[in-house]
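Participant: All residue numbers in the sequence shown are consecutive under full-length UniProt numbering, ending with 1025.
Idealized CB from N, CA, C, for every residue including glycine.
Take this structure, written in structure tokens, and hold onto it; I'll ask about it next.
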Amino acid sequence: MAQGVVRRGPEESQRPKLARFSGIAQMDEDTHYNKGTDKVEDVVGSHVEDAVTFWAQNISRNKDIMKIGCSLSEVCPNANSVFGNFDLKKIYGGLFSEDKCWYRCKILKIISDEKCLVRYIDYGNTEILNRSDIVEIPLDLQFSSVAKKYRLWGLQIPSGQEVTQFDQGRTFLGSLIFEKEIKMRIKTTNQDGTVIAQAEYGTVDIGEEVAKKGFAEKCKLPSSTNISEEKKTDPGQLVLRNLKGPTPLWGQRSNQSTFSRPKGRLNGRQTLDLKDENDAGNHVPFSKECLAIGDFNLGSNVSLAKIKQDQKLIEENEKLKTEKEVLLKSYKALESKVEQTAQELQQEKATVMDLTKHLKSTLKTHVGTRMKNLAAKIERLKEIRRVNISVRLGNDLSDAIQVLDEERFTTPVSLNELEIIWAEYNLAQEKIKSCQNVNEGNILIARRNEVQQKLCTAVEVFILEVDELPLNKRLETLQDLSTSLEAVYGQASEETNSEEVLKKFYNWKCDKKEEFTSVRSETEVSLQRLVAWFQSTLKAFDLSVEESLTSEDTIDNIDEILEKTESSVCKELEISLIEQGDADKEIILNTYSQVLQKIHSEERLIATVQSKYKNSIEFKKQIIECLNKSPSLDHLLSIKKTLKSLKARLRWKLVEKNNLEESDDHDGSEIEKIKQEITQLRNSVFQEIYREREEYEKLNNLVQKWLPELPLLHPEIGLLKYMNSGGLLTMSLERDLLDAEPMKELSSKRPLVCSEVNGKIILLKGYSVDVDTEASVIQRAAAYHRAWREAKEESGLLPLIFLFLCKSDPMAYLMVPYYPRANLGSIQASMPLTLEEALKVMKGVAQGLHTLHKADIIHGSLHQNNVFALNREQGIVGDFDFTKSVSQRTSVNMMVGDLSLIAPEVKMGKPASPSSDLYAYGCILLWLSVQNQEFETNEDGIPKVDQFRLGDNVKSLLCSLIYCRSSMTAEQVLNAECFLLPKGKSTPNPEKDIKYTQHKEEEELKLENLDKYKEKTRSGEANFD
1 MAQGVVRRGP EESQRPKLAR FSGIAQMDED THYNKGTDKV EDVVGSHVED AVTFWAQNIS
61 RNKDIMKIGC SLSEVCPNAN SVFGNFDLKK IYGGLFSEDK CWYRCKILKI ISDEKCLVRY
121 IDYGNTEILN RSDIVEIPLD LQFSSVAKKY RLWGLQIPSG QEVTQFDQGR TFLGSLIFEK
181 EIKMRIKTTN QDGTVIAQAE YGTVDIGEEV AKKGFAEKCK LPSSTNISEE KKTDPGQLVL
241 RNLKGPTPLW GQRSNQSTFS RPKGRLNGRQ TLDLKDENDA GNHVPFSKEC LAIGDFNLGS
301 NVSLAKIKQD QKLIEENEKL KTEKEVLLKS YKALESKVEQ TAQELQQEKA TVMDLTKHLK
361 STLKTHVGTR MKNLAAKIER LKEIRRVNIS VRLGNDLSDA IQVLDEERFT TPVSLNELEI
421 IWAEYNLAQE KIKSCQNVNE GNILIARRNE VQQKLCTAVE VFILEVDELP LNKRLETLQD
481 LSTSLEAVYG QASEETNSEE VLKKFYNWKC DKKEEFTSVR SETEVSLQRL VAWFQSTLKA
541 FDLSVEESLT SEDTIDNIDE ILEKTESSVC KELEISLIEQ GDADKEIILN TYSQVLQKIH
601 SEERLIATVQ SKYKNSIEFK KQIIECLNKS PSLDHLLSIK KTLKSLKARL RWKLVEKNNL
661 EESDDHDGSE IEKIKQEITQ LRNSVFQEIY REREEYEKLN NLVQKWLPEL PLLHPEIGLL
721 KYMNSGGLLT MSLERDLLDA EPMKELSSKR PLVCSEVNGK IILLKGYSVD VDTEASVIQR
781 AAAYHRAWRE AKEESGLLPL IFLFLCKSDP MAYLMVPYYP RANLGSIQAS MPLTLEEALK
841 VMKGVAQGLH TLHKADIIHG SLHQNNVFAL NREQGIVGDF DFTKSVSQRT SVNMMVGDLS
901 LIAPEVKMGK PASPSSDLYA YGCILLWLSV QNQEFETNED GIPKVDQFRL GDNVKSLLCS
961 LIYCRSSMTA EQVLNAECFL LPKGKSTPNP EKDIKYTQHK EEEELKLENL DKYKEKTRSG
1021 EANFD
């Protein structure tokens, strides 16, 4: 549908739609006419309804039509279909059947449930559309039509006009106004919006031309007459009559840019330059081409019958011209065919002559050539027979099956018995571990010891049996067999039915072998007959032989012998050289797969036996040591006794120091001496605590492997608490033994103190606990500690040193390392990380999250103050509040800058997950990457990443973390491209090194001031609340 539209470019597509069409709506308001006006308007005709009524578009609306078309082409393909009843006042989008483009339309009439009569309001034509080809369009496209309906001023359709004359009048008016630039002198506007106007094309009055042809008549009262005439005419019949007519020219145009064509041309045809024609004195208002439709000539008074007769003659003439052209093309085609056939005949004659010459020359050497070819084939057959064809017949697979069947390794008899007793032993150990009653435990221990004796005997028998088996030799044979077969056949296919495959292979091999044997036998017989012929022929051609022999007696038919010999040799060569068919390959590969499965199955069985053999040897060795040497708790009890003594001395020294400091005549040297003794005692206490932990770990290993009854039989040593805490809990450490100083600047929520242990500064976090929360705190801290202990320094987690409970207050204390001003919040406030440093740090943080998530732990409170950057390059994840559950930790509104770290799904009430941890991680990474830039967020509070200029790899990772987290894991984050830093040292930055050195000096000065502050505090110069 030619609508004067060109496709919208990328710059135009980015403009807001409301702004795009606001001018169009305003223009619609400006072009409303009132009665009595005589305004002049330049339009282009787009559709004709009858001889006096047509639709046209204002030339100034060219750009509007292009914009409308571009918008419709974008909106309509994805728009919603119309549901329910149509609104006859509403504007819809319609798919025009001629060019499959979208145009604005209104519903004129609902024909059926599926079909509607619509008018394309920007062009004026009508069409019956299916309901599926009509869609809703946005409000910004709901403005009045571009095309307007015009009626020629002072004219009306004669009453009683025939249909033929009506169609001719419409065609004639179309030839005058369609795609012509017309000047309209507006007279008035009817209530239905029809504009009554005088139409001029150059100096020609179009209304007068229509009246001259008799297609319309003048009326005395134009306004009232036109209005009454419109009332007489049924609009529905007029529309349907228009539908029956030929397709409008604007629907057949190849060029869709009506208004964008060059001036001076209308649809590729040169328009008349009226000025030049007037100057030449030959005033012709319309060219003959422009009035070709209907063959009307302006100013002619020829009757309608004459016009019909001329039109008929023209049509017959065109028909005869067409027939002439068809006959001429047929003649030329036949002439070309004759020439081509003559050339082909000459080529065939030349080919026959060449073949005749070749045949004559070949007949002279026929016997010699035939014998040479046969000799070459026999030589080739000798080579093939020398080559082993075992692969073609699957001989290597047959040999492998034989090896597997004859020397197959079976499960040792003692192994089954050993497995049963071992399972019974493990069950007995589990029962002891879960037992909480000493008397019942003693019974279970006795039962376990009996099973243990049986297990020792079974292990001994199994070891002796395996020692006699050639496991290594058999395993080496299987490996060699597997290697040789894989080198020939490659990768095995999927598993299939073993017995069925081997049976099918056996039958196939027998058939192939029989076929090869038959063919070879036939070849041998034919060659022997040929050799016999040569031997008998010698006598016929030997002149020394006196015996008279006739040719019929001695010489058989050599042609028949050669034919038979050649046939036999060729047949054997064919079956030897031809590629195996798909069926043969499938049988061989399936058999190979079964053989390989049998090999691997036997290898796994041997590996199982060897593994069980190794475990049995180890069990035998350790059980003997365990039975001969019962575990002793004396060393642990001795350490506890030493600890008790050291703590008592340490407390006494602390009291003695306080007394001296409070006395009026205290001696400074004496106080200093006591302080040194206190430091030595405190270090000795921690050394003994570490030794105690080592003893607990040894006992823990014994419990896990051999003696699960130790916690039950010796509850006084607190082994079960140690095991439940993952080795983190200690009962020997107490709060008053530490030289702790409050750290109010780090936390206002819980007691947080700083102390020095073995020359290292540590933090002591205090948690208020009761009987109910104590166990959950230990459980959560133990799970975190176990996750850290799996990889330790490589875990990416802040290590936990000790967890202990206060005896006097309901408090639990957690001891962790102290990294002064190493959290991201402090670093970014003083000296922000570069992007390279940030990526190194955040890779370590991703490792910490991966460690936690692998242990089924959700952090839930990841923020900039519990993520640490050690030396500005090693990132670790800090611990969380062990008194709170995951849901309680995520309920705190954590912010980094103006950005919330709580995932959108958590805000909506969904539980926290590894995905919500990764959302907080992504927000922190974005914060580090853009530093002090402001964030733009959507309605859900999710930050927009595209606003920042970041590297493609970093932006891709951020989008995955913030927008598409459903399938993202911490392990995938670790493998992100932005973390795959190139190997080698980065280029040094002197300015950065100077800043970092200055920053480090400032930190050292702060630590030095902290030490001085502690010293003053000890001397009574400073006080804490």
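Give the C-beta separation of Cys-101 and Ile-107 to the nearest angstrom, bearing in mind that I take them to be a contact with Cβ-Cβ under 8 Å.
Facilitator: The Cβ separation is near 19 Å, so there is no contact.
Participant: If distances are taken between C-alpha atoms only, which option among Gly-897, Glu-522, Glu-790, Asp-634 comes closest to Lys-854?
Facilitator: Comparing Cα-Cα distances from Lys-854 to each of Gly-897, Glu-522, Glu-790, Asp-634, the minimum goes to Glu-790.
Participant: Can you check which of these residues, Pro-412, Glu-697, Leu-720, Arg-520, is closest to Lys-612 by C-alpha distance?
Facilitator: Closest by alpha carbon: Pro-412.
Participant: Apart from the five residues just before and just after Glu-424, which ones in its own chain have a Cβ nearer than 7 Å to its Cβ?
Facilitator: These residues qualify, in order along the chain: Val-451.
Participant: Given a threshold of 16 other Cβ atoms within 10 Å of its Cβ, counted over all protein chains shown, does Leu-455 qualify as buried or as exposed?
Facilitator: Buried.
Participant: Should Glu-407 and Arg-474 be called a contact, given that it needs their Cβ atoms to be closer than 8 Å?
Facilitator: Result yes, Cβ atoms of Glu-407 and Arg-474 sit closer than 8 Å.
Participant: Near Cys-959, which residues of its chain fall below 8 Å by C-beta distance, leaving aside the five closest residues on each side in sequence?
Facilitator: The answer, listed in chain order, is Val-945.
Participant: Would you mind stating whether Val-525 and Leu-374 have Cβ atoms separated by less than 8 Å?
Facilitator: Result no, Cβ atoms of Val-525 and Leu-374 do not sit closer than 8 Å.
Participant: So for Ala-280, helix, strand or coil by DSSP?
Facilitator: Here Ala-280 scores only 34 on pLDDT, less than 50, and its place in the model should not be relied on; the value that follows carries that caveat. Three-state result, Ala-280: helix.
Participant: What do you get for Thr-483, buried or exposed, if any count of 16 or more other CB atoms within 10 angstroms of its CB means buried?
Facilitator: Thr-483 comes out exposed.
Participant: Please report the distance separating the alpha-carbon of Tyr-489 from that of Ile-599.
Facilitator: Between Tyr-489 and Ile-599, the C-alpha separation is close to 15 Å.
Participant: Span of the beta strand (DSSP E) holding Asn-85?
Facilitator: That residue, Asn-85, is in no beta strand (DSSP E); it is neither H nor E in DSSP.
Participant: To the nearest angstrom, how far is it from the Cα of Ser-795 to the Cα of Gly-922?
Facilitator: Taking the straight line from one Cα to the other gives about 20 Å.
Participant: Once DSSP output is grouped into helix, strand and coil, what is the label at Arg-474?
Facilitator: If DSSP states are grouped into helix, strand and coil, Arg-474 belongs with the helices.
Participant: What's the C-alpha gap between Lys-564 and Lys-372?
Facilitator: So the alpha carbons of these two residues sit roughly 16 Å apart.
Participant: Put Ala-869 into one of helix, strand or coil per three-state DSSP.
Facilitator: Three-state result, Ala-869: strand.
Participant: Between Phe-868 and the ligand SAM, is there a pair consisting of the residue's CB and a ligand heavy atom that are separated by less than 7 Å?
Facilitator: Of ligands this structure carries none, so the ligand SAM is not represented either.
Participant: Measure the Cβ-Cβ separation of Ile-182 and Gly-45 and say whether it is below 8 Å.
Facilitator: Yes, the Cβ-Cβ distance between Ile-182 and Gly-45 is below 8 Å.
Participant: Can you name, in chain order, every residue of its own chain whose Cβ lies under 7 Å from the Cβ of Asp-952, other than the five neighbours on each side?
Facilitator: So the list is empty, once near-sequence residues are dropped.
Participant: Could you name each continuous alpha helix (DSSP H) segment of 4 residues or more that falls completely within the stretch 334-403, going from the start of the chain to the end?
Facilitator: You should have 366-386, 390-393.
Participant: Could you tell me the distance, in whole angstroms, from the CA atom of Phe-166 to the CA atom of Leu-155?
Facilitator: Taking the straight line from one Cα to the other gives about 14 Å.
Participant: Bridge partners of Asn-58, per DSSP?
Facilitator: Val-43, per the DSSP bridge assignment.
Participant: Looking at the strands, I want to know which residues DSSP matches up with Tyr-489.
Facilitator: For Tyr-489, which the question treats as bridged, DSSP gives no partner whatsoever.
Participant: Helix or strand or just coil, what does DSSP make of Trp-422?
Facilitator: If DSSP states are grouped into helix, strand and coil, Trp-422 belongs with the helices.
Participant: Taking the alpha-carbon positions, what's the Arg-780 to Phe-882 distance?
Facilitator: Each residue's Cα considered, the two are about 6 Å apart.
Participant: Please check the pair Ile-858 and Ala-912, which I expect to be a contact at CB under 8 Å, by giving their CB distance rounded to whole angstroms.
Facilitator: Confirmed, Cβ separation roughly 5 Å.
Participant: State the Cα-Cα distance for the pair Lys-263 and Glu-217, rounded to the nearest angstrom.
Facilitator: For Lys-263, the pLDDT reaches just 32, beneath the cut-off of 50, and the residue's location in the model is therefore unreliable, although a value from the coordinates is still provided. The alpha-carbon atoms of Lys-263 and Glu-217 are separated by roughly 34 Å.
Participant: Using a threshold of 8 Å, state whether the C-beta atoms of Val-896 and Ile-924 are closer than that.
Facilitator: Contact flag set, yes.
Participant: Excluding five sequence neighbours on each side, which residues of the same chain lie with their C-beta closer than 8 Å to the C-beta of Arg-104?
Facilitator: Result list for Arg-104: Ile-68, Leu-72, Ile-91, Tyr-92, Gly-93, Gly-94, Tyr-120, Ile-121, Asp-122, Ile-137, Leu-141, Ser-145, in chain order.
Participant: Taking a contact to mean a Cβ-Cβ separation below 8 Å, would you say Asn-758 touches Met-723 in this structure?
Facilitator: For Asn-758 and Met-723, no; Cβs fall outside 8 Å.
Participant: Select from Asn-130, Phe-96, Gly-124 the residue whose C-alpha is nearest the C-alpha of Ile-111.
Facilitator: Of the listed residues, the one whose Cα sits closest to Ile-111 is Asn-130.
Participant: Could you tell me the alpha carbon to alpha carbon distance between Ala-376 and Ile-558, rounded to whole angstroms?
Facilitator: Taking the straight line joining both Cα atoms gives about 19 Å.
Participant: With respect to the alpha helix (DSSP H) encompassing Gln-828, which residues constitute its N-terminal and C-terminal limits?
Facilitator: Residues 824-830.
Participant: Should Cys-978 go down as buried or exposed, given a rule of 16 or more other Cβ atoms within 10 Å for buried?
Facilitator: That one is buried.
Participant: Can you tell me the Cα-Cα spacing of Lys-539 and Leu-530, whole angstroms?
Facilitator: In a straight line, the C-alpha of Lys-539 is about 15 Å away from that of Leu-530.
Participant: Out of curiosity, what's the CA-to-CA distance linking Arg-889 and Asn-823?
Facilitator: Distance between the alpha carbons of Arg-889 and Asn-823: 19 Å.
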